[in-house]
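All remarks here apply to the structure that follows.
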Amino acid sequence: MAEPLRPKFLEVCVNTGEFEKRLTEVNMLAVNSDTKLFQDIKEEYQSVRSFRARYFLLKPVDVHFVRFSLENGYRVGIHDKPQSIPDQREMKDHGYGYDPCPMMPMPPVPANIFLHHLLKPEGHPRRVWCGRLPQKLDRSIHQSTRDGDTLAFGWGVHIIEGPHKFNILLTMLIILLSTTVVSVTWAGVREDVQGGFGIGAFLIGAQTLILMMVLAKWAET
Numbered sequence: 082m083a084e085p086l087r088p089k090f091l092e093v094c095v096n097t098g099e100f101e102k103r104l105t106e107v108n109m110l111a112v113n114s115d116t117k118l119f120q121d122i123k124e125e126y127q128s129v130r131s132f133r134a135r136y137f138l139l140k141p142v143d144v145h146f147v148r149f150s151l152e153n154g155y156r157v158g159i160h161d162k163p164q165s166i167p168d169q170r171e172m173k174d175h176g177y178g179y180d181p182c183p184m185m186p187m188p189p190v191p192a193n194i195f196l197h198h199l200l201k202p203e204g205h206p207r208r209v210w211c212g213r214l215p216q217k218l219d220r221s222i223h224q225s226t227r228d229g230d231t232l233a234f235g236w237g238v239h240i241i242e243g244p245h246k247f248n249i250l251l252t253m254l255i256i257l258l259s260t261t262v263v264s265v266t267w268a269g270v271r272e273d274v275q276g277g278f279g280i281g282a283f284l285i286g287a288q289t290l291i292l293m294m295v296l297a298k299w300a301e302t
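Numbering of the sequence shown is given in my numbering, commencing with residue 82 and proceeding in unit increments.
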């Protein structure tokens, strides 16, 4: 009789505010390929990120392997980065696993590979990277925080975001085209070329400033 599969969880930390990070988990029992792994990571990441409009102007640009604390079952504090994984003693004491052990070479998954698979998870039917990621064994880390006065500590990945440069330039192009239409329409209807393009210059400046303010705010979250 086959032994039951051992529960495993990948811990994923996601920024949700200027000073707030939250934890989500990927159930590794359901993962049978790198495609499934990164599809699940992407789904969990997007589920935590509630304001989807920002995805157009921000994107994942890096990944850190971190040691973190978990407060109240959701709030994350980062204690060690960017290449922190449990050693053999910590794996035994805290119930973690990865393969190979010891991990050679570091990091478990290079950032460019992780981001490529995360953004384009399809077409990776093998299990090249699944085992290399540090995974919580036997039970979810959330079961360790039922006592509200106790911090739980663990290891996982932290997805880092940055500006999506192409989409920012595309947005600015759309702003330019839309204000040009407004300016030409004003100049034609009012027979006021100077006034039309004065309005266009103001609209371009105002909309660009608003876009930069939005990006600056989102970069903090």
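Yeah, the Cβ is synthetic: ideal placement off N, Cα and C, and Gly gets one too.
(request) Reducing DSSP to helix, strand and coil, say where glycine 176 ends up. (result) By 1-based counting over the sequence shown, the position of residue 176 is 95. It is coil, neither helix nor strand.
(request) State the CB to CB distance for the pair tyrosine 126 and valine 95, rounded to an integer number of angstroms; the pair is presumed to be in contact (CB under 8 Å). (result) In the sequence shown, the residue the question calls residue 126 occupies position 45. In the sequence shown, the residue the question calls residue 95 occupies position 14. With a Cβ gap of about 6 Å, tyrosine 126 and valine 95 count as contacting.
(request) Could you tell me how far apart the beta carbons of isoleucine 122 and valine 93 are, in whole angstroms, since I believe they sit closer than 8 Å? (result) Indexing the sequence shown from 1 puts residue 122 at position 41. Indexing the sequence shown from 1 puts residue 93 at position 12. With a Cβ gap of about 6 Å, isoleucine 122 and valine 93 count as contacting.
(request) Classify methionine 293 as buried or exposed, calling it buried when 16 or more other Cβ atoms lie within 10 Å of its own Cβ. (result) Taking the first residue of the sequence shown as position 1, residue 293 is located at position 212. Exposed, because fewer than 16 other Cβ atoms sit within 10 Å of the Cβ of methionine 293.
(message) With DSSP as the reference, identify every bridge partner of cysteine 94, one or two as the case may be.
(response) As a first step, residue 94 is located in the sequence shown; it is residue number 13 there, counting from the start. For cysteine 94, which the question treats as bridged, DSSP gives the partners Leu104, His239.
(request) Could you tell me the boundaries of the beta strand (DSSP E) in which serine 150 lies? (result) Here residue 150 refers to the residue found at position 69 when the sequence shown is read from its first residue. That run of the beta strand (DSSP E) goes 139-152.
(request) Just the C-alpha distance for leucine 91 and glycine 212, rounded to the nearest angstrom, thanks. (result) As a first step, residue 91 must be located in the sequence shown, where it is residue number 10. As a first step, residue 212 must be located in the sequence shown, where it is residue number 131. When rounded, the distance between both Cα atoms is 10 Å.
(request) For lysine 89, write down the residues that DSSP places opposite it in a beta bridge. (result) By 1-based counting over the sequence shown, the position of residue 89 is 8. Lysine 89 pairs with Leu218.
(message) Only counting the same chain, and skipping five residues up and downstream in sequence, which positions put a Cβ closer than 7 Å to that of glutamine 216?
(response) For the purposes of this step, residue 216 is identified with residue 135 of the sequence shown, where counting begins at 1. Once the five neighbours on either side are set aside, the close Cβ partners of glutamine 216 are Lys89, Phe90, Leu91, Met109, Tyr177, Gly178, Tyr179.
(request) Quick one: give me the first and last residue of the alpha helix (DSSP H) that valine 157 is part of. (result) Within the sequence shown, residue 157 is the residue found at index 76, counting from 1. Unbroken run through valine 157 is the beta strand (DSSP E), 156-161; no alpha helix (DSSP H).
(request) Can you say whether isoleucine 255 is buried or exposed, counting buried as having 16 or more other CB atoms within 10 angstroms of its CB? (result) Taking the first residue of the sequence shown as position 1, residue 255 is located at position 174. Under this definition isoleucine 255 is an exposed residue.
(message) Let's test the definition: count the other Cβ atoms within 10 Å of the Cβ of threonine 260 and tell me whether it reaches 16, buried, or not, exposed.
(response) Translated into positions along the sequence shown, residue 260 becomes position 179. It counts as buried.
(request) For phenylalanine 234, write down the residues that DSSP places opposite it in a beta bridge. (result) Locating residue 234 in the sequence shown gives position 153, where the first residue counts as 1. Paired residue(s): Ser150.
(request) Output yes or no for whether 8 Å exceeds the beta carbon distance between glycine 243 and lysine 162. (result) Reading the sequence shown from its first residue, position 162 is the one you call residue 243. Reading the sequence shown from its first residue, position 81 is the one you call residue 162. Result no, Cβ atoms of glycine 243 and lysine 162 do not sit closer than 8 Å.
(message) Among Leu138, Phe119, Thr289, Tyr155, whose alpha-carbon lies nearest the alpha-carbon of leucine 232?
(response) If you number the sequence shown from 1, residue 232 lands on position 151. If we check each option's Cα against that of leucine 232, Tyr155 comes out closest.
(request) Apply the 10 Å Cβ neighbour rule to phenylalanine 195 and answer buried if 16 or more other Cβ atoms are within range, or exposed otherwise. (result) For the purposes of this step, residue 195 is taken as residue 114 along the sequence shown, with counting starting at 1. Buried is the call here.
(message) Need the endpoints of the alpha helix (DSSP H) that lysine 117 sits in, please.
(response) Counting from 1 along the sequence shown, the entry for residue 117 is found at position 36. Residues 115-129.
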